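Notes follow the structure.
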Amino acid sequence: MRLVLFLYNMHLFLQKSVPTNQNLLYDTEEQARLALVGDLDMHINEQGLIYNAAFDDSKVFYGQNYDNCQYNSPMFSDYINSQIEWLLPYIPQKSIVVEVGCGKGFYAENIANKRTDCQIYGFDSSYSGEQSKQTNLRFYKEYYNENYANIKPNFVISRHVIEHISKPSAFLKSIRKTMQNGAMLFLETPDTEWILKNNVIYDFFYEHCSYFTENSLANILSESGFEPIEIKKEFGEQYMWFLAKANDKNKRETPNDTFEIKNLCKQYAENREKTIFAIKDKIRALNGKHTFIWGAGAKGVTFVNIFDHQKKYIKGIVDINPSKQGKFIAKTGHPVIAPANLAQELNKCTILLLNENYYSEIKNMLCQMNIDCDLEIL
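Taking the working numbering as reference, the numbering of the sequence shown is continuous, increasing by one, and the terminal residue is 1684.
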């Protein structure tokens, strides 16, 4: 029995005491250091789903102070616009569209503007805006579930939500109960295969308790009453787009082969400590310079908690989101500053960039601000 458990429930790594809410920032350094923590105990099961065995739902909060907004970035806004343009032809005329996990409502508002023939509903407990003045757009400050089956959506959108769900099959089945056969579902979620292949240490977060590959998500969709129609990998192959149709007849008799993903997990687990040591050596070599991280999102929060939890080597985190500036990072207490603050540095600074997709945008921004610095992609 122990051999079977080893083969079908492989352990990747254990990381103790990580912040449980990467997208909650704090008003003072003292508050930040008291942030709630939990463990990352990452495993892969027989279906190829990678999950945190130590995850505790009660430690994660998605209230109005939760802020994962990326729309301040022109590059990211362009990415979202291109995604919506791709999606619109799949949305039938006069549809009822539900966005599950609408955040601050920008995506739902964009669709409502482009498709005035459709009725759009956005659901998110962290939604902090007022009710929309658009007659075809309505927000609910709560979770979407089968109690809203009376809405009868033709199209459901859920972007970067399923990775936050500890029971993804139950989540999808709950959504499925609100949809009639033939209705469409669009999912976007990180591609774990990209994380593993690139040995990205700071892309495993407590909030993300479930990680998917193309095969594992297709299997769970099938089990939950959906038929995958189209799959795309975008954003430098970091994200997966899944378009699926509500179809109870689409049942996979056997799971897809998980040999390749388990082999990637094995390689990642074997290389993880070596990769961590190499990054630590690089950061220590920068000691004495003014070193910053760009981006106070989940990657940035995770990075400083792994590599500079005592705040010895990283002076701060730069972010273009005004609502994050002046705040402090969970557990480490690193300050979040605006790009303009870099001009106050007396010495030339080094900025470590954790996502190369933003390199050109940031480089151009710094040039326009006449800020001389070394911008390095990790």
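Where is the CB? At the ideal position from N, CA and C, for every residue including glycine. Keep in mind the model is a prediction, meaning the values are calculated, not measured.
| Check | Outcome |
| --- | --- |
| Identity of the residue in Tyr1368, Val1324, Gln1389 and Asn1378 nearest Ala1360 by Cα | Val1324 |
| Proximity of Asn1374 and His1466 at Cβ, strictly below 9 angstroms | yes |
| Rounded separation between Ile1386 and Ser1472 - CA only | 26 angstroms |
| Span separating the alpha-carbon of Ala1414 from that of Glu1436 | 14 angstroms |
| Lys1439 versus Arg1578: straight-line alpha-carbon distance, rounded | 50 angstroms |
| Thr1560, buried or exposed, once every other Cβ within 10 Å from all chains shown has been counted against 16 | A caution first: Thr1560 carries a pLDDT of 48, below 50, which makes its placement in the model too unreliable to give a value. |
| Contact check, Phe1412 vs Phe1429, beta carbons under 9 angstroms | no |
| Reference Gln1399; option with closest CA among Ala1489, Leu1346, Arg1339 and Lys1618 | Ala1489 |
| Rounded straight-line distance, which links the Cα of Tyr1619 to that of Lys1595 | 9 angstroms |
| Distance between beta carbons of Asp1614 and Thr1581, contact taken as under 8 angstroms | With a Cβ gap of about 16 angstroms, Thr1581 and Asp1614 do not count as contacting. |
| Other residues of its chain near Gly1409: CB distance less than 8 angstroms, five sequence neighbours each side excluded | Asn1374, Cys1375, Asp1430, Ser1432 and Tyr1433 |
| Same chain, Cβ closer than 6 angstroms to Asp1554, five either side skipped, listed in chain order | Gly1531 |
| Pairwise C-alpha distance: Lys1605 and Asp1509 | 6 angstroms |
| Exposure of Gln1328, with buried meaning 16 or more beta-carbon neighbours within 10 Å | buried |
| Beta-carbon contacts of Asp1362 that lie in its chain and below 7 angstroms, excluding the five residues immediately before and after | Gly1344 |
| Backbone CA spacing between Asn1521 and Ala1649 [nearest angstrom] | 47 angstroms |
| Residues of its chain near Gln1425, where Cβ-Cβ distance is below 6 angstroms and the 5 sequence neighbours each way are ignored | Ile1402 and Asn1442 |
| Backbone CA spacing between Asn1593 and Glu1540 [nearest angstrom] | 36 angstroms |
| Reduced DSSP category for Cys1655 - H, G, I as helix; E, B as strand; rest coil | strand |
| Beta-carbon proximity of Glu1494 to Phe1548, cut-off 9 angstroms | yes |
| Cβ neighbour criterion (16 or more within 10 Å) applied to Cys1673 | exposed |
| Those residues which DSSP pairs with Ile1426 across a bridge | Val1403 and Leu1443 |
| Separation of Met1546 from Lys1538, as counted between CA atoms | 6 angstroms |
| Distance between Gln1389 and Pro1380 (C-alpha atoms, nearest Å) | 14 angstroms |
| Reduced DSSP category for Ser1530 - H, G, I as helix; E, B as strand; rest coil | coil |
| C-beta contact flag for Pro1645 and Ile1626 at 9 angstroms | yes |
| Beta-carbon proximity list for Lys1630, same chain, < 8 angstroms, skipping 5 on both sides | Leu1331, Asp1373, Ala1602 and Val1642 |
| Anticipated Cβ contact below 8 angstroms, Leu1346 with Tyr1512, distance rounded | 6 angstroms |
| Neighbourhood of Glu1529 by C-beta distance below 7 angstroms, restricted to the same chain and skipping five residues each side | Ser1475 |
| Cα-Cα separation, Thr1564 to Val1506 | 21 angstroms |
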